[in-house]
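**Q** For the sequence shown, position 115 (counting from the first letter as 1) is numbered 115 according to the working numbering, and the numbering increases by one without interruption.
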Amino acid sequence: MRNELALEVIIEDYLAGKLSAEEAKAFEQLRVNDPSVDHKVVAHQVFIASLKDYGRVSSLKEQMNAIHASMDVPALTEALQPKPSFLLQLWKNNKSALAVAASFALLAMVSIYSIQHNTKQNGSYEVMSRELVKIKNSQNNLIRNLKNTKTTNAPVNPAKVGGTGFALTTNGYICTNLHVINGADSVYVQNSKGDAYKAKVVYQDPQYDLAIIKIVDQNFSTLSTLPYKLRSNNIGMGENVYTLGFPKDDAVLGEGYVSSKTGHGGDTTAYQVSIPVNPGNSGGPLLDNLGNVIGVISAREYQVDGAAFAVKSKYILEALAAIPQDSLGKKVTSIKKSPLLGLTRTKQIEKIEDYVFMIKVYN
1 MRNELALEVI IEDYLAGKLS AEEAKAFEQL RVNDPSVDHK VVAHQVFIAS LKDYGRVSSL
61 KEQMNAIHAS MDVPALTEAL QPKPSFLLQL WKNNKSALAV AASFALLAMV SIYSIQHNTK
121 QNGSYEVMSR ELVKIKNSQN NLIRNLKNTK TTNAPVNPAK VGGTGFALTT NGYICTNLHV
181 INGADSVYVQ NSKGDAYKAK VVYQDPQYDL AIIKIVDQNF STLSTLPYKL RSNNIGMGEN
241 VYTLGFPKDD AVLGEGYVSS KTGHGGDTTA YQVSIPVNPG NSGGPLLDNL GNVIGVISAR
301 EYQVDGAAFA VKSKYILEAL AAIPQDSLGK KVTSIKKSPL LGLTRTKQIE KIEDYVFMIK
361 VYN
């Protein structure tokens with residue numbers, strides 16, 4: 001027994017580097033000659049490593065306990081003290097396990113972020129239509145009920161896709177994105193007052209992701225003169241722009257600036273704009289400070305805040321050229337002066353909100 005204790009002391013001194021060179025050399029020779037001694041040395045090394053790991057875990061537990069203690073509110077009297085939440089009870093009953101798990105979770109999160117950061121460097125393209133049946137919030141908070149009692153042929157089932165559109169003519173021609181209405185059995189548009197009207201698709205352009213729909217509801221009244229104009233010439237980087245769309249039930253304003261004259265992957269048919277957009281903004285107008293429509297919001301860079309894309313308005317004019325002019329009611333032209341010129345942003349929005357529609361698609 002005494003020899004065993006003496007051997008363990010020697011092993012500990014050997015691993016700690018406390019033996020002299022001659023003693024260490026002699027002990028190493030003993031390990032070679034006696035496998036049982038070598039086994040004890042290896043076992044002792046594992047034991048010391050385990051102690052160090054335990055120390056690190058204990059230190060982490062102490063830190064977690066300190067954080068937990070700082071979050072505790074002063075104790076209430078027993079009669080008034082509320083029942084602990086499930087998470088707090090879980091923490092108090094399993095602090096040791098959770099502390100260790102937290103350290104592994106943190107390491108895993110760092111590793112996952114590193115992988116995602118490397119694989120998402122170039123970003124990805126995400127269209128901005130809303131798949132309404134997949135949104136988990138209350139349906140009443142997402143889309144208004146069809147309030148137009150005169151429209152008797154409105155569908156009973158909820159729409160599956162939502163987007164935005166804006167008037168191109170006073171007699172009901174509306175511009176939106178093709179991906180908003182693609183594959184639709186029926187399309188309805190809803191104005192800022194909640195009135196809904198049946199529409200049909202009259203033009204589709206897959207190359208530029210544009211579509212023109214026409215209100216065909218007999219209860220639709222002709223609009224007043226459009227308060228904005230289509231701008232055909234290019235806009236410069238840094239110019240302030242804004243959009244109005246329907247990422248939720250009510251129209252939402254987005255403001256920003258043109259960050260690039262080209263779109264995703266250098267696409268020359270689109271602008272990149274620094275504006276926060278969300279599903280439902282697809283098809284919304286992009287306007288400059290002078291009240292000119294310069295594009296149509298179509299997509300954003302996935303998981304990149306404020307990187308949206310808009311199809312340039314010159315391609316809207318090309319789409320209109322494909323529709324017989326007599327059916328448009330009045331020839332649509334691109335002129336320099338807009339009726340919104342000189343108005344404050346608030347007044348501009350008041351003028352245009354009746355010309356921007358929520359698009360509802362049924363399949």
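Using N, Cα and C, we set each Cβ at its ideal position, and we do this for glycine too.
Since the structure is predicted, the reported quantities are computational estimates derived from the model, not experimental observations.
Short check: CB of lysine 314 to CB of serine 259, under 8 Å?
**A** In this structure, serine 259 does not lie closer than 8 Å to lysine 314 by Cβ.
**Q** According to DSSP, simplified to helix, strand and coil, what is phenylalanine 357?
**A** Correct three-state label for phenylalanine 357: strand.
**Q** If alanine 199 and isoleucine 213 are in contact, beta carbons under 8 Å, what's the gap, nearest whole angstrom?
**A** So it is a contact: roughly 4 Å between Cβ atoms.
**Q** If we ignore side chains and look at the alpha-carbon of each, how far apart do asparagine 177 and glycine 283 end up?
**A** C-alpha separation (whole angstroms): 5 Å.
**Q** So, are the CB atoms of threonine 170 and threonine 225 less than 8 Å apart?
**A** Yes, Cβ-Cβ distance for threonine 170 and threonine 225 is below 8 Å.
**Q** Measuring CB to CB, does aspartate 13 end up less than 8 Å from leucine 19?
**A** A contact, by the Cβ cut-off of 8 Å.
**Q** Just to confirm, are serine 298 and phenylalanine 309 a CB contact at a threshold of 8 Å?
**A** Cβ distance < 8 Å, so serine 298 and phenylalanine 309 count as in contact.
**Q** What are the start and end residues of the beta strand (DSSP E) that includes isoleucine 297?
**A** Start and end: 292 to 301.
**Q** Let me know the secondary structure DSSP gives glycine 165 once reduced to three states.
**A** Strand.
**Q** Starting from isoleucine 323, trace the alpha helix (DSSP H) both ways and give me its first and last residue.
**A** Isoleucine 323 -> no alpha helix (DSSP H), and no H or E assigned at all.
**Q** Around the C-beta of threonine 346, are 16 or more other C-beta atoms found within 10 angstroms, so that it is buried, or is it exposed?
**A** Threonine 346 should be labelled exposed.
**Q** At the level of alpha carbons, what is the spacing between leucine 106 and leucine 15?
**A** Below a pLDDT of 50, predicted positions are generally treated as unreliable, and leucine 106, at 40, falls in that range; no measurement from the model is reported.
**Q** Run through DSSP, which three-state label would glutamate 12 get?
**A** Note: glutamate 12 maps to helix in three-state DSSP.
**Q** Determine the DSSP secondary structure at lysine 193, reduced to helix, strand or coil.
**A** Note: lysine 193 maps to coil in three-state DSSP.
**Q** Considering only C-alpha positions, which residue in the set Glu23, Gln348, Asn281, Asp209 is nearest to alanine 270?
**A** Considering only alpha carbons, the answer is Asp209.
**Q** Can you tell me where the alpha helix (DSSP H) holding leucine 341 begins and where it ends?
**A** Run containing leucine 341: none; DSSP gives neither H nor E here.
**Q** Might you give, ordered along the chain, the residues of its own chain that have their beta carbon closer than 7 Å to the beta carbon of alanine 322, omitting 5 neighbours on each side?
**A** So the qualifying residues of the chain are Tyr203.
**Q** In angstroms, rounded to a whole number, what distance separates the CA positions of aspartate 288 and histidine 179?
**A** For aspartate 288 and histidine 179, the distance between alpha carbons rounds to 24 Å.
**Q** Can at least three beta-carbon pairs, one atom from the stretch 185 to 194 and one from the stretch 343 to 358, be found at a separation below 8 Å?
**A** Because the criterion of three Cβ pairs below 8 Å is met, the stretch 185 to 194 and the stretch 343 to 358 touch.
**Q** Taking 8 Å as the limit between beta carbons, can you name the residues of its chain near lysine 312, skipping five residues before and five after?
**A** Taken in chain order, the residues that qualify are Asn234, Thr269, Ala270, Tyr271, Ile294, Gly295.
**Q** Express the C-alpha separation of isoleucine 174 and phenylalanine 166 in angstroms, rounding to a whole number.
**A** Looking at the two C-alpha atoms, the distance is approximately 5 Å.
**Q** Just mark arginine 300 as buried or exposed, buried being the case when its beta carbon has 16 or more other beta carbons within 10 Å.
**A** Under this definition arginine 300 is a buried residue.
**Q** Buried or exposed for leucine 286, going by 16 or more other Cβ atoms inside 10 Å?
**A** Buried is the call here.
**Q** Any idea if serine 338 is buried or exposed, counting beta-carbon neighbours within 10 angstroms, 16 or more meaning buried?
**A** Classification for serine 338: buried.
**Q** Looking at C-alpha atoms only, which residue of Asp305, Gly265, Gly162 is the closest neighbour of asparagine 363?
**A** The residue with the shortest Cα to Cα distance from asparagine 363 is Gly162.
**Q** With 16 other CB atoms within 10 Å as the buried threshold, where does phenylalanine 47 fall?
**A** Burial call: exposed.
**Q** What are the boundary residues of the beta strand (DSSP E) that asparagine 240 is part of?
**A** It spans 240 to 245 - the beta strand (DSSP E) in which asparagine 240 sits, taken as one unbroken run.
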